[in-house]
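Enquirer: Each residue of the sequence shown is one higher than the one before, starting from 6 at the first, in our numbering.
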Amino acid sequence: WDGTARIWDNQGNEIAVLTGHQDPVFSVAFSPDGQRLATASRDGTVRIWDNQGNPLAVLTGHQDEVNSVAFSPDGKTLATASDDGTARIWKVESLGELLARGCDLLEDYFVRHPGAKEKLWVCQGEKGTGNRE
């Protein structure tokens, strides 16, 4: 109930502590390929992480706590359910593709798709790792 989620390997060694939620985490789901996971929290956000615990995105839009999160079988979408009475479907397929291409291509993407600027990416490093804030 401390707002964190933890990843352990199958020997019981802690790999990462996922921090960022302001309230308890209610649900966790791994993508079908095991490369990403999503956490849903009482704080009304869903966070997406890589399997090493690095933050990739923060999804906002629910008006109350998010109780459930699940990836689609193909891993391209994420479903969430909230106490605000809504269920949302999020397209997450392009997230990994954009990060894999690097920050320069992300800048080009935002120039070509100005409607995507509701959340801006913060990137660092040559591999284009980053997060949405």
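Just so you know, even glycine gets a beta-carbon here, dropped at the ideal spot from N, CA and C.
In this text the structure is predicted, and so the values were computed from the model without any measurement.
How about Leu83 and Trp54: do their beta carbons lie closer than 8 Å?
Expert: no
Enquirer: So who's on the other strand from Trp95, going by DSSP bridges?
Expert: Leu83
Enquirer: Answer yes if the segment 53–69 comes into contact with the segment 38–45, meaning at least three C-beta pairs across the two stretches below 8 Å, and no otherwise.
Expert: yes
Enquirer: Going by CA-CA distance only, name the one from Gly66, Ala21, Asp69 and Arg93 that's closest to Ser77.
Expert: Arg93
Enquirer: Report yes if the C-beta distance between Gly90 and Val71 is below 8 Å; otherwise report no.
Expert: no
Enquirer: I need the straight-line Cα distance from Arg32 to Gly8, nearest angstrom please.
Expert: Going by the sequence as given, residue 32 is Ser instead of Arg. Taking the straight line joining both Cα atoms gives about 11 Å.
Enquirer: Ignore the nearest five residues each way along the sequence and tell me which others in Gln27's own chain have a CB closer than 7 Å to its CB.
Expert: Gly8 and Asp48
Enquirer: Within 10 Å of its beta-carbon, does Thr65 have 16 or more other beta-carbons around it, so buried, or fewer, so exposed?
Expert: exposed
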